[in-house]
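Going by the numbering used here, 182 is the number at position 161 of the sequence shown; the sequence numbering is gapless.
This report concerns only the one structure given below.
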Amino acid sequence: MHNEEIGRHERKRDSTVTRAAILQAARVLFTRDSYDHVGMRDIARLVGVDATLVVRYFGTKERLFAEAIAQGLVLDKESFGQGRDGLGERLARSIVAKGDAKGEFDIVLVLLRSASNEQAASLLREALDEQFGLPMAEWLGGERARERASVIIATLFGIAFARNVIRSEPLAGMEPEELVALIAPILQGYIDQAPP
């Protein structure tokens, strides 16, 4: 649900619903445009509320941005809950599936569009580390877990960027199963360096 009026058709003034609608609108707008070009009023307009309500819930654009991206970067615990065997394939499938889900929050687009703003770049780094990098490193364990987690993340983001943002061939034209088969062993190699 990301029509031009998120939540406007539901006039319930439930604070939880309104707050969630504001976060969803922020994710949509930060995916579409850069941090510098998205304002609190734009987000409020998309939700159908006054900008003062957005400020009341989140205080500043920085806090809203940080929370919006943090919620969009949650580590896929289901993939990790199934153990080490086949995790490379599960991660590959998740990044390919995200690229096929058009119109949703896309952290790669957010990174691309907002990284030139120092404050946004800092918030993105913190969110990536807290929500994805550190939990993955802890789960991997063993020697150089942080470095391996960083390489896995960079590989996933690089593939998503090349395939979905700049539409680089042959990646953009590959069938999902073909791409998964190609990248899963690479990811699994970084995972398997950790002790069982």
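Backbone N, C-alpha and C define an ideal beta-carbon position, used for all residues, glycine too.
Checking 8 angstroms against the spacing of the C-beta atoms, do residue i and residue j come in under that value?
i      : j      : result
Val49  : Ala65  : no
Val68  : Ala91  : no
Arg105 : Ile207 : no
Arg134 : Tyr78  : no
Ala148 : Ala87  : yes
Leu112 : Leu177 : yes
Arg169 : Gln214 : yes
Arg89  : Leu44  : Here the sequence assigns Ala to residue 89, which means Arg is not the residue at that position. Cβ distance < 8 angstroms, so Ala89 and Leu44 count as in contact.
Measuring straight from C-alpha to C-alpha, what distance separates residue i and residue j?
i      : j      : result
Ile173 : Gly210 : 10 angstroms
Ala205 : Ala158 : 18 angstroms
Glu83  : Ile116 : 27 angstroms
Gly60  : Leu85  : 11 angstroms
Asp35  : Asp54  : 28 angstroms
Leu161 : Arg62  : 42 angstroms
Glu151 : Leu144 : 10 angstroms
Pro197 : Val186 : 16 angstroms
Tyr56  : Leu132 : 10 angstroms
Leu155 : Pro191 : 32 angstroms
Report all residues from its chain with a CB closer than 6 angstroms to the CB of residue i; omit the five preceding and five following residues, and keep chain order.
i      : result
Arg114 : Val201
Arg167 : Ala158
Glu31  : Here the model assigns Glu31 a pLDDT of 49, short of 50, so the residue's position is not dependable and the matter cannot be decided.
Asp127 : Thr52
Ser171 : none
By Cβ distance, which residues of its chain are closer than 7 angstroms to residue i, with the 5 residues on each side in sequence left out?
i      : result
Ser189 : Ala183
Val14  : Any answer about residue 14 is impossible in this case: the structure gives the chain only from 22 up to 217.
Ala193 : Arg184
Glu199 : none
Who are the Cβ neighbours of residue i in its own chain at under 8 angstroms, not counting the five residues just before and after it?
i      : result
Pro217 : Only weak support is given to the placement of Pro217: the predicted model assigns it a pLDDT of 49, under 50, and the value that follows is read from those uncertain coordinates. Correct list, in chain order: Arg105.
Leu203 : Met195
Gln140 : Tyr56, Glu83
Ala142 : Ser135, Ala136
Alpha helix (DSSP H) containing residue i: first to last residue?
i      : result
Gly179 : 166–181
Ile187 : Counting along the chain, Ile187 falls outside any alpha helix (DSSP H), and DSSP gives it neither H nor E.
Glu79  : According to the sequence shown, residue 79 is Phe rather than Glu. Unbroken alpha helix (DSSP H) run through Phe79: 72–79.
Gln45  : 36–53
Arg62  : 61–68
Glu151 : No alpha helix (DSSP H) contains Glu151, which DSSP labels as neither H nor E.
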